[in-house]
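*Asks:* First the structure, then my questions, so here it is.
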Amino acid sequence: MGMTASAQERETLLEQLKAFLRIPSVSTAPEHKDDVRRAAEWVRDAIQRAGIGNAELIEGEGNPLVYAEWLQAPGKPTLLLYGHYDVQPPDPLDEWKTPPFEPEVRGDNIYARGAADDKGQTIILIKAVERLMREGGGKLPVNVKFLIEGEEEVGGEHIESYVKANPGRLKCNAAVICDTEMFAPDLPTLCVGLRGIVYGEIHVQGADHDLHSGVYGGVAPNPMQAAAEIITALKDRDGHIRIPGFYDRVVPPSDKEREAWARLPFDEKEYTTKEIGASELVGEPEVPLFERTWARPTFEVHGIRGGFTGEGAKTVIPARAVVKVSTRLVADQRPAEAIEQIKAAVKTACPRGVTAEFKLIHGAEPSLVNPDNPFIQKSAEAMAQVFGKPTVYIRSGGSIPIVGVFDQALHAPSVMMGFGLPDDNLHAPNEKMHLPNIYRGVDAMCEYFKRLGA
Ligand SMILES: [Zn+2]
Numbered sequence: 096m097g098m099t100a101s102a103q104e105r106e107t108l109l110e111q112l113k114a115f116l117r118i119p120s121v122s123t124a125p126e127h128k129d130d131v132r133r134a135a136e137w138v139r140d141a142i143q144r145a146g147i148g149n150a151e152l153i154e155g156e157g158n159p160l161v162y163a164e165w166l167q168a169p170g171k172p173t174l175l176l177y178g179h180y181d182v183q184p185p186d187p188l189d190e191w192k193t194p195p196f197e198p199e200v201r202g203d204n205i206y207a208r209g210a211a212d213d214k215g216q217t218i219i220l221i222k223a224v225e226r227l228m229r230e231g232g233g234k235l236p237v238n239v240k241f242l243i244e245g246e247e248e249v250g251g252e253h254i255e256s257y258v259k260a261n262p263g264r265l266k267c268n269a270a271v272i273c274d275t276e277m278f279a280p281d282l283p284t285l286c287v288g289l290r291g292i293v294y295g296e297i298h299v300q301g302a303d304h305d306l307h308s309g310v311y312g313g314v315a316p317n318p319m320q321a322a323a324e325i326i327t328a329l330k331d332r333d334g335h336i337r338i339p340g341f342y343d344r345v346v347p348p349s350d351k352e353r354e355a356w357a358r359l360p361f362d363e364k365e366y367t368t369k370e371i372g373a374s375e376l377v378g379e380p381e382v383p384l385f386e387r388t389w390a391r392p393t394f395e396v397h398g399i400r401g402g403f404t405g406e407g408a409k410t411v412i413p414a415r416a417v418v419k420v421s422t423r424l425v426a427d428q429r430p431a432e433a434i435e436q437i438k439a440a441v442k443t444a445c446p447r448g449v450t451a452e453f454k455l456i457h458g459a460e461p462s463l464v465n466p467d468n469p470f471i472q473k474s475a476e477a478m479a480q481v482f483g484k485p486t487v488y489i490r491s492g493g494s495i496p497i498v499g500v501f502d503q504a505l506h507a508p509s510v511m512m513g514f515g516l517p518d519d520n521l522h523a524p525n526e527k528m529h530l531p532n533i534y535r536g537v538d539a540m541c542e543y544f545k546r547l548g549a
């Protein structure tokens, strides 16, 4: 009883989701500030309707957080439920088949900005609590704390400072993150690892002003050439990062993980030619593909600025060059340590005649949860039951900074139960969410809470 939604429940959910999606809560756009607040209020009201009356907005620097707690299940675990109500900008508008903030159902999908990232997933958490409240006569099988933010797409500074300042209030046994995707349709998936990041710029300075390459070429230092030498010194042609000490803390995947990844439904040729659109894959030749994208650190160059890049010819030896670079980090690397290692490696690789310095822009911790953790186990069981297939464990090469914050500040493992699909068009035109995944997501979440509370 109560495992799956009635037609009435689905219809109500769909109407409420549409109302949520109609609010253009674009967090990066100042002109949407009021809409962002309206979305926060919508979430607060929805949690109250679900049966937690103390739902409130937490004001601070930036956009409000929505917080609510229900702690009347003594002796049962406490879950911190995370989602976000802000969305990416909808541009380019003319590539949308229907307007981004006028949600439309076509087939089994709902199309709108935020459909999958993350309104269609945040509502799963709210609706699961609502159903369990109704079934339990106002009681839940576990204790819950909602923490829904409105700055996920713009750096999440408010939530990060709030979590670090309020570990007591947010104390929990595990965080449940509803903001990831399944590996393939109908394949229940738990993401147990995320990469962190260090992003910054390498500033290379040569002479104190631009020079004529005819008059001074042959003696003047060239910072563009120097920048290229530094970059190639930091990573070799086979994708090995040459920053001393960089791999020291890298935790290799377990044999169990390696075997599971080798069994994932995956076509390498299609991935190479269609998804990536390249002639071949690169990187460490001795490391399997998923390990390279999920369990190994990266070093990537994003842009090089300096010198003359216009039409025609200008014979200049530029005075400076700036290289934007990042490294993705994996457990147990620490951003603070990686930054020092990068700085030292840049200094060492810097050729004579120029100076080079690494300047940090932002960083985030990597995270990794042991699949044997009971909160992961029960989630895997609940999803397997609802989807009718064994749950697969994957990692993600990307970063969800809040997971690292929950890990470091609350010492809480994050359970990433995501119901998006790989082709949901996140951050792109025609974003969609598969409606059956929302309904099954609610079922799986209810089942998970029940198993934890049993
Ligand atoms: Zn998201």
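The sequence shown begins at 96 in this note's numbering and counts up one residue at a time.
Cβ coordinates follow ideal geometry from the N, Cα and C atoms, glycine included.
1) Can you tell me whether Met96 is buried or exposed? The criterion is at least 16 other CB atoms within 10 Å of its CB, across all chains shown.
2) Taking the straight line between their C-alpha atoms, what separation do you get for Pro339 and Arg415?
3) Is it right to say Phe394 is buried, meaning 16 or more other beta carbons lie within 10 angstroms of its own, or is it exposed?
4) Cβ atoms of Asn268 and Phe470: under 8 angstroms apart, would you say?
5) For the beta strand (DSSP E) that contains Ala459, what are its first and last residues?
6) Between His179 and ligand 1, is there a pair consisting of the residue's CB and a ligand heavy atom that are separated by less than 7 angstroms?
7) Distance, Cα to Cα, Tyr534 vs Gly250?
8) Given a cut-off of 8 angstroms, decide if Gln428 and Gly291 are closer than it, judged by their beta-carbon atoms.
9) Report the CB separation of Glu248 from Asp343 in whole angstroms; it is logged as a contact under 8 angstroms.
10) Of the choices Ala475, Ser509 and Arg490, whose alpha-carbon is the least far from that of Gly483?
11) How about Asp519: is its Cβ closer than 7 angstroms to a heavy atom in ligand 1?
12) In angstroms, rounded to a whole number, what distance separates the CA positions of Arg332 and Glu379?
13) Compute every distance between the C-beta of Glu244 and the non-hydrogen atoms of ligand 3, then say whether any falls below 7 angstroms.
14) Within the same chain, show all residues whose beta-carbon is closer than 6 angstroms to that of Gly492, passing over the 5 residues directly before and after it, in chain order.
15) Should Glu276 be listed as close to ligand 1, given that the test is whether its C-beta is under 7 angstroms from any heavy atom?
16) Out of Lys419, Ala523, Tyr488 and Val377, which has the shortest C-alpha to C-alpha gap to Arg208?
17) Specify the secondary structure class of Ser474 as computed by DSSP and reduced to three states.
18) Here's a check: name, in chain order, each residue in its chain whose Cβ is nearer than 6 angstroms to the Cβ of Ala321, leaving out the five neighbours to either side.
19) On a Cα-Cα basis, can you pick out the residue from Ala163, Thr284, Leu109 and Leu235 that is closest to Met478?
20) Would you kindly work out how many angstroms separate the C-alpha atoms of Glu365 and Ala373, rounded to a whole number?
*Replies:* The structure says:
1) Residue placement at Met96 is flagged as unreliable, the pLDDT there being 42, under the threshold of 50; the coordinate-derived value follows with that caveat. By the neighbour-count criterion, in which a residue is buried when 16 or more other Cβ atoms sit within 10 angstroms of its Cβ, Met96 is exposed.
2) Counting only the Cα atoms, Arg415 lies some 26 angstroms from Pro339.
3) Around the CB of Phe394, 16 or more other CB atoms lie within 10 Å, so the residue is classed as buried.
4) Closer than 8 angstroms, so yes.
5) Counted as a single uninterrupted DSSP element, the beta strand (DSSP E) harbouring Ala459 occupies residues Thr450 to Ala459.
6) Because some heavy atom of ligand 1 lies under 7 angstroms away, the Cβ of His179 counts as near it: yes.
7) Each residue's Cα considered, the two are about 30 angstroms apart.
8) Result yes, Cβ atoms of Gly291 and Gln428 sit closer than 8 angstroms.
9) With 8 angstroms as the limit, Glu248 and Asp343 do not qualify as a contact, their Cβ atoms being about 33 angstroms apart.
10) Nearest C-alpha to Gly483: Ala475.
11) Checking every heavy atom of ligand 1 against the Cβ of Asp519, none is found closer than 7 angstroms.
12) Cα to Cα, Arg332 sits roughly 9 angstroms from Glu379.
13) This structure lacks ligand 3; its bound ligands are ligand 1.
14) The residues are Arg290, Thr388 and Trp389.
15) No - ligand 1 has no heavy atom lying nearer than 7 angstroms to the Cβ of Glu276.
16) It is Ala523 whose Cα lies nearest to the Cα of Arg208.
17) Helix, per DSSP.
18) Setting aside the 5 residues that flank it on each side, Ala321 is surrounded in the same chain by Val299, Pro446 and Val449, each with a C-beta closer than 6 angstroms to its C-beta; the list follows chain order.
19) When the alpha-carbon of Met478 is set against those of Ala163, Thr284, Leu109 and Leu235, the nearest one is in Thr284.
20) Distance between the alpha carbons of Glu365 and Ala373: 10 angstroms.
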